[in-house]
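Let me begin by presenting the structure, written as structure tokens, before commenting on it.
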Amino acid sequence: MIARGAGGGDGAGSSRPISSPNDPIELLRRDFQATQTHILQVMQDHTLTQYQLRKVQGQLNRMEQAIMDRLEISFVSVPPIDVPADDSETDDDLDD
1 MIARGAGGGD GAGSSRPISS PNDPIELLRR DFQATQTHIL QVMQDHTLTQ YQLRKVQGQL
61 NRMEQAIMDR LEISFVSVPP IDVPADDSET DDDLDD
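For the record, in the sequence shown the residue sitting at position 10 is 10 according to the UniProt record's numbering, with numbers rising by one throughout.
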């Protein structure tokens, strides 16, 4: 049945360690899984066959994985922000 898990257990996104519950990728993954579960429930309510439901679930899983892969690549490719260690100039600017 569909209730087993909307995201599936075989995708790389589902096995990725969660660094923080507020991690943007993790939040998006949970939102996508909730949407996926809702879509599958609506389709089940409209008397689709088990084959059709499995086919849709497979398509949704592939879509989720593609989105997660793109997001992880874009987050990894963003260079870190270089913050100067000496902030004495900023303190002087605030006094004016």
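All C-beta atoms in this analysis are idealised placements derived from N, C-alpha and C, irrespective of residue type, glycine included.
Query	Result
N- and C-terminal bounds of the alpha helix (DSSP H) containing L48	Unbroken run through L48: none, as it is neither H nor E.
Coil, strand or helix - P31 by DSSP	For clarity, residue 31 is Asp in the given sequence; the question names Pro instead. The answer is helix: DSSP assigns D31 an H, G or I state.
Under the three-state DSSP convention, the category D23 falls into	coil
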